Structure formats: structure tokens, C-alpha cells
Amino acid sequence: MHISDGVLPTSLILGCYAGSMVLAGWSARRISNDELPKVAVLTASFFIASLVHVPLGPTSVHLLIPGLVGALLGPAAFLAIALGLLLQSLLFQFGGLTALGANALMMGIPALCCGFFFRHLRGTTRQRHILAGALAGGLGTVGSALLLALLLVSAGDDFLGVAKLALVAHLPVILIEATVSAFVVSFLYTVKPELLRQQPFIPPQKLNV
Amino acid sequence: MTTVTPQIVHLSSALLPLLLIFPIAALSALRWALRTTDANGDREERDWSIPAIDATGRADSCLHRWDVRCKIATLLLFALLTVSLTSLWPTLAALLVSLAAIWLARLPWRNALRRVAAMTGFLSMFLLIMPLTAVTRPADVVLIFGQQDWFTLNLRGLELALLVSAKAITVALLMEPLLATAPLPRTLEGLSRLGVPRQITLMILLAHRYIFVFLDEARRMATGMEVRGFCKRTDLDTVRSTGNFLGMLFVRSYERTQRVYAAMLARGFNGTLPDREEFSLRASDGFISALWLGTALILLAIDRLLPTGVLG
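First to last, the protein sequences are chains A and P.
For this note's numbering, add 15 to where a residue sits in the first sequence, where the first one is 1.
For this note's numbering, add 1 to where a residue sits in the second sequence, where the first one is 1.
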């Protein structure tokens, strides 16, 4: 769930923009300049992944995938998420332009944390990978939900009820997100394990240029 | 000294169902309006359709002729000033300005409506919950229906939710004049002239381009799954298939990423795209910007001078 325009006070908007710019700059500096176009193209695939709906009883939920992006991209995840959110707000109006900084922090910080956990917990076996993937997927959603609630409450104590409701609405998503992430990681472990090493930007055969 | 207590208004409990009818009717009217304008009306198709943001970019109007740099800077500032408003009437006036801009630029209303519809879920959560959960302050008006004193409606909560919705819709509507009045590469070029690093605008352009490529890829894969009898249910098999679907999407896009990058290098890519856009500032550009910002500042001044109160 993204925060729309008009919820956060101006000071919080500007603060979140400043914070996410610092993190995006840090994220961009962690990868070399030549790799930025590759992150952009991969971001497009994460964008499509976030459109996938999983049925849940009479309704359906769409995936947030901050944990998965973190697990796959590592430090570059923040940049990819900020870019994906910008495009979501430009194309669909999911989240607003003025709330972009806040939304980037809300999804990007959990992604960076999950990337860190995944890197250290994945081990070498398939089971460990799957476990780390599920943890990243679940924790990514938990982190986003908590940050969303925190942002809403810091916008004013009148928003407390909405914050609680948003937290409850995320509960089923956490479970689905963890399971889907586990399956994605399991699939990638079999099919293309180099994608799970968080350095997908080094081509298998170094291009001679 | 007298203490100010919340003003409590008792209403007949027969009015209670009316409260539910109104938001539900508004929501379904919007859904219905979009459903009938959808080209194929296919519910499955809805999640997969991505609107072209600059389809009307080459049309002509006073907003199309407005310098892109001025337009971006002015509209972003206008959006920021709008979300700084604190009372309802100035915000509704800003909403009218947004509507007028779409009308002046002769942009299709359907795209604007689609943007508003995308926010209904989030905003209706505010509209339904805020009147019930807002903290009761002195000088608030609280509605109580019949004898049910567990069910109270705080009008200030409702006002706050309406304010949030009005601001969100105003900024959402501004996105149309901002994006749909110039081709996307030109808008992004304007953005980099305003100081955004060229690598970033290139990333936006590339990601936007490849969204449509991967959408095609995902659609093809989804068709293949359907042909093989895949049917979405609430069970583990669906989740496993979705996981494999996403994994395959990532593998294919990763491989495509490598090919795309090699092809870019082969064509002499050196980190940024060549800049082909010509920009020139005219007096009218400054005039339009001044008009927008003047309006926003007047609204902000009115907003700060108005006494804050229920629906004031």
C-alpha cells in the first residue's frame, strides 16, 4: 500500500525526500556507472512483478516484493525501488508525486535490510536459500507495513486508526509474500543461481569493450 | 474561565444506514464509469493494461507550448504548495485549478479519471475510518445516533479525510498536464536541464521502455500457463506457480538486460544519450508560471488567514 498525496505534512514530505535522495545516491555509488542502465531494465521486470495478483479467498492481493528486490539486487535495491515507485506514480497514480520520498523510504529501507539478511543467511544449500528467501519476503513486507504505520502516525494522531487498519491489511500479504519469495528463490537456485549472488551486473562472459 | 467541550449532536438512528449508502454509491459510480469506458471491459485484462502517459504529447494547446522546464518546476511547486494547505475550501479551489488545466490542455478525461480511480482504495480507507477514529478535541462536533453511544462520528475526522482526498485528487490531476503535454523524452530532457543527473533520467526512460517489453513477455508466459490449465485459486499450488512465473520473468529479463546492454555498447553508448532537444524560454512561459504560482500563493495565504474549524 502506498501513501498518496495530501496525507503527510510538508515538513515530513521534504524530510523524506532528503532521506531517500541520500539513500539513492549511496545506492547508486555502490554500483558502477555503466551498470545503471542494467538496473533500470531490471527495475522494469520488478515493476511487472508487482502487478501480479495472488488470489486470496474472495479477493486478491498484489505483491509488494521489497524483500525479493533486496535479495536479488543487494545495495542497488534502493535505487531500483525508488525508480519503480516513480514509474508507478507516473503511470498508475499508485502513491503520489509529493509522497514519493516517503514511499521510497517505506519500501527501500526494508529492501536494503532484507538484502543484507539474505546475503548473510543464504548459506550454500538449497534449504538455507529457501529459508533466507522466505524470511526476506516476509520481513520486507513487515518492514514496509511498520514504516507505513509510523509515517501515518507521525502525520498526526488522528491517523492512528488508519495506521492500525493498514497494519491489519498487511497481515495476509506477509504470509503470501514469504511463500512466493521462497518459491522464487527455489526456482532461481535451480535455474540461474548467479542471480542470487546480488551481483547480477557482472556478465558471465566479460564483454570485451 | 469556561472549558470548551465537544459539541454533541444527537441524531435519529434511522439516519445510520444513509452514512453507508453514500460512500458505497460514490465508489461504485466511479468503478462503473471506468468499466464502461474500458476498451474491452475484460476484468482479467484490467491489471495488465498500462496507459501510455504521453499519448497526447504532440497535440497543441497553451500548456503544450509551455516550456518543459518551466512546466515541471512550476507544477511540482504547485503540488507542494497544494499539499501544504490545511483547510478544505482553498484545497477545493486548487482542485478546480487542476481541472481547468486538464480542460485547457484538451486532455482526455478518461486518463484523469483512471488516476482518481487508482486511489479510491486508499482514500476510501481514510473516508470510512477517520470519522470513527479521529481524536476528539475541544470544539469538535460529534454525532451520536439514537442510543448507540459506542458509535460516534467526529466531523473533524471527516473533514480531515475529505481534505486528504481533495489534496490527493488535485495532485493526481496535475500529473496529466505535467506528463501528457509533451513526449516523455522531452519531459525527461527538461528534467535533466533542471539539474537531475542524466544517468537518472536515462534510467527512467529505459525502465519505462522495458516495462512494455516485459509486460509482453509476462503476458505470453501467462497465456502459456493458461493453455496448460493453470487456474488461480487460493492454494499452495497457485503460489508455487506464481513463484516460478516470477522466477522465470526475472531470469528472462536478466538475460535480456545483458543483451540490451551489449547492444547499447555496440552502438556507441557512453553513459548518457545524446541530447537532441532544443529549448527556448519566452516571456509567455514566465507569465504562465507566474500565474500558477500566484494562484497557489493566494490560496495558501487565504488558507493561513481562514479560521480553522469544521468544514471551514
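Every residue, glycine too, gets a C-beta built ideally from N, C-alpha and C.
It should be emphasised that the depicted structure is a prediction, and the values quoted were computed from it without experimental measurement.
Query raised in the report: Whole alpha helix (DSSP H) runs in the region 98-181 of chain A with 4 or more residues, listed along the chain?
Result: 115-136, 141-169
Query raised in the report: Is it right to say S14 (chain P) is buried, meaning 16 or more other beta carbons lie within 10 angstroms of its own, or is it exposed?
Result: Taking the second sequence and counting its residues from 1, the one referred to as residue 14 (chain P) is at position 13. Per the 10 Å Cβ criterion, exposed.
Query raised in the report: Is DSSP giving V197 (chain P) helix, strand or coil here?
Result: Counting from 1 along the second sequence, the entry for residue 197 (chain P) is found at position 196. Coil.
Query raised in the report: Is the Cβ-Cβ distance between A181 (chain P) and D286 (chain P) less than 9 Å?
Result: Numbered from its first residue, the second sequence carries residue 181 (chain P) at position 180. Numbered from its first residue, the second sequence carries residue 286 (chain P) at position 285. Their beta carbons are not under 9 Å apart, which means A181 (chain P) does not touch D286 (chain P) by this criterion.
Query raised in the report: Looking at the C-beta of P52 (chain A), does it have a partner C-beta in chain P at a distance below 9 Å?
Result: Here residue 52 (chain A) is taken as the residue at index 37 of the first sequence, counted from 1. With a threshold of 9 Å between beta carbons, P52 (chain A) makes contact with chain P.
**Report entry** Touching by the beta-carbon criterion (3+ pairs, under 8 Å), the region 20-29 of chain A and the region 169-183 of chain P
**Finding:** yes
Query raised in the report: From what residue to what residue does the alpha helix (DSSP H) around P81 (chain A) run?
Result: Numbered from its first residue, the first sequence carries residue 81 (chain A) at position 66. Segment 81-88, the alpha helix (DSSP H) holding P81 (chain A).
Query raised in the report: Start and end of the beta strand (DSSP E) containing L266 (chain P)?
Result: If you number the second sequence from 1, residue 266 (chain P) lands on position 265. That residue, L266 (chain P), is in no beta strand (DSSP E); its alpha helix (DSSP H) goes 237-267.
Query raised in the report: Is the CB of K98 (chain P) under 9 Å away from at least one CB in chain A?
Result: Residue 98 (chain P) sits at position 97 when you count from the first residue of the second sequence. Looking at the sequence provided, one finds Val at residue 98 (chain P) rather than Lys. For V98 (chain P), the answer is no, since every Cβ of chain A falls outside 9 Å of its Cβ.
Query - Sub-9 Å separation of P178 (chain P) and G58 (chain P) beta-carbons - result: As a working mapping, residue 178 (chain P) is identified with position 177 in the second sequence. As a working mapping, residue 58 (chain P) is identified with position 57 in the second sequence. Going by C-beta atoms, P178 (chain P) is not nearer than 9 Å to G58 (chain P).
**Report entry** Cα-Cα separation between T194 (chain A) and G122 (chain P), rounded to whole angstroms
**Finding:** The sequence position of residue 194 (chain A) within the first sequence is 179, counting from 1. The sequence position of residue 122 (chain P) within the second sequence is 121, counting from 1. Between the alpha carbons of T194 (chain A) and G122 (chain P) lies a gap of roughly 25 Å.
Query - R66 (chain P) versus R277 (chain P): straight-line alpha-carbon distance, rounded - result: Along the second sequence, read from residue 1 onward, the residue named residue 66 (chain P) stands at position 65. Along the second sequence, read from residue 1 onward, the residue named residue 277 (chain P) stands at position 276. If you take the alpha carbons of R66 (chain P) and R277 (chain P), they lie about 18 Å apart.
Query raised in the report: For H68 (chain A), which beta-bridge partners are listed by DSSP?
Result: As a working note, residue 68 (chain A) is residue 53 in the first sequence. In the DSSP output, where bridge partners are listed per residue, H68 (chain A) has A:H77.
**Report entry** Contact under 9 Å by Cβ, T320 (chain P) with P139 (chain P)
**Finding:** Examination of residue 320 (chain P) is not possible in this model, given that chain P is present from 2 through 313 alone.
Query raised in the report: Just checking, does the region 200-212 of chain P make contact with the region 50-58 of chain A on the three C-beta pairs under 8 Å criterion?
Result: yes
**Report entry** Spatial distance of Y262 (chain P) from L51 (chain A) (CA atoms)
**Finding:** What you label residue 262 (chain P) is simply residue 261 of the second sequence in a count that begins at 1. What you label residue 51 (chain A) is simply residue 36 of the first sequence in a count that begins at 1. Taking the straight line from one Cα to the other gives about 10 Å.
Report task. Please check if any C-beta of chain P sits within less than 9 Å of the C-beta of Q142 (chain A). Result -> Here the question's residue 142 (chain A) lines up with position 127 in the first sequence. With 9 Å as the cut-off, Q142 (chain A) does not count as an interface residue toward chain P.
Query raised in the report: Looking at the structure shown, is T153 (chain P) part of a helix, part of a strand, or coil, going by DSSP?
Result: Position 152 of the second sequence, counted from the start, is the residue given in the question as residue 153 (chain P). Strand, per DSSP.
Query - beta strand (DSSP E) segments (min. 3 residues) lying fully within the region 87-119 of chain P - result: Fully enclosed beta strand (DSSP E) runs of 3 or longer: not present.
Query raised in the report: By DSSP, does I205 (chain P) sit in helix, in strand, or in coil?
Result: Looking up residue 205 (chain P) in the second sequence gives position 204. Note: I205 (chain P) maps to helix in three-state DSSP.
**Report entry** Proximal chain P residues relative to Q108 (chain A), where beta-carbon distance stays under 8 Å
**Finding:** Numbered from 1 along the first sequence, position 93 holds the residue referred to as residue 108 (chain A). What Q108 (chain A) touches in chain P: R115, R116, V117, A119, M120, A173, M176.
Query raised in the report: Is the CB-CB distance between F251 (chain P) and L210 (chain A) below 9 Å?
Result: Here residue 251 (chain P) corresponds to residue number 250 of the second sequence, with the count starting at 1. Here residue 210 (chain A) corresponds to residue number 195 of the first sequence, with the count starting at 1. With contacts defined by Cβ atoms closer than 9 Å, F251 (chain P) and L210 (chain A) form a contacting pair.
Report task. Closer than 7 Å by beta-carbon distance: list the chain A residues that pair up with L207 (chain P), in chain order. Result -> By 1-based counting over the second sequence, the position of residue 207 (chain P) is 206. Under the 7 Å cutoff, chain A gives P52, A55, V56.
**Report entry** 7 Å Cβ cut-off: residues of chain P touching V37 (chain A)
**Finding:** The residue you call residue 37 (chain A) lines up with position 22 of the first sequence. Those do not exist, as V37 (chain A) stays about 14 Å from chain P at its closest Cβ, beyond 7 Å.
Query raised in the report: Should the region 132-143 of chain A be called in touch with the region 104-122 of chain A, which here means at least 3 C-beta pairs below 8 Å?
Result: no
Query - Among A:G89, A:S60, A:M16, the one whose alpha carbon lies nearest that of R45 (chain A) - result: Locating residue 45 (chain A) in the first sequence gives position 30, where the first residue counts as 1. Comparing Cα positions, the closest option is A:G89.
Requested in this report: Over the uninterrupted alpha helix (DSSP H) stretch that includes L29 (chain A), give me the two end residues.
Outcome: If you number the first sequence from 1, residue 29 (chain A) lands on position 14. First-last of the alpha helix (DSSP H) with L29 (chain A): 25-44.
Query raised in the report: Taking DSSP as the reference, what is the three-state secondary structure of I145 (chain P)?
Result: Taking the first residue of the second sequence as 1, we reach residue 145 (chain P) at position 144. Strand at I145 (chain P).
Query raised in the report: Is there at least one Cβ from chain A nearer than 9 Å to A40 (chain P)'s Cβ?
Result: On the second sequence, residue 40 (chain P) is found 39 positions in, with the first residue counted as 1. Confidence is the limiting factor: at A40 (chain P) the pLDDT is only 47, short of 50, which leaves the residue's position unreliable and the question unanswerable from this model.
Query raised in the report: For Q200 (chain P) versus G272 (chain P), is the C-beta distance shorter than 9 Å?
Result: Your numbering for residue 200 (chain P) matches position 199 in the second sequence. Your numbering for residue 272 (chain P) matches position 271 in the second sequence. Yes; because the gap between Cβ atoms is below 9 Å, this pair is in contact.
Query raised in the report: What separation, rounded to the nearest whole angstrom, lies between the Cα atoms of D68 (chain P) and R283 (chain P)?
Result: Residue mapping note: residue 68 (chain P) aligns to position 67 of the second sequence, counting from 1. Residue mapping note: residue 283 (chain P) aligns to position 282 of the second sequence, counting from 1. About 8 Å.
Query raised in the report: For the candidate residues P:L31, P:I25, P:R253, P:A102, whose alpha-carbon lies nearest to that of L203 (chain A)?
Result: For the purposes of this step, residue 203 (chain A) is identified with residue 188 of the first sequence, where counting begins at 1. Nearest C-alpha to L203 (chain A): P:R253.
**Report entry** Cα-Cα separation, A92 (chain A) to L216 (chain P)
**Finding:** Counting from one through the first sequence, the residue named residue 92 (chain A) turns up at place 77. Counting from one through the second sequence, the residue named residue 216 (chain P) turns up at place 215. If you take the alpha carbons of A92 (chain A) and L216 (chain P), they lie about 21 Å apart.
Report task. For E46 (chain P), decide whether its Cβ has a neighbour in chain A, counting only Cβ atoms nearer than 9 Å. Result -> By one-based count along the second sequence, residue 46 (chain P) stands at place 45. Caution applies to E46 (chain P), whose pLDDT of 42 falls short of 50 and renders its modelled position unreliable; the value that the coordinates give is listed next. Not one chain A Cβ lies under 9 Å of E46 (chain P).
Requested in this report: Spell out whether any CB of chain P is found under 9 Å from the CB atom of N48 (chain A).
Outcome: Residue 48 (chain A) sits at position 33 when you count from the first residue of the first sequence. So yes, N48 (chain A) belongs to the interface.
Query raised in the report: Is there a Cβ from chain P that is less than 9 Å from the Cβ of S201 (chain A)?
Result: For the purposes of this step, residue 201 (chain A) is taken as the residue at position 186 of the first sequence. S201 (chain A) counts as touching chain P.
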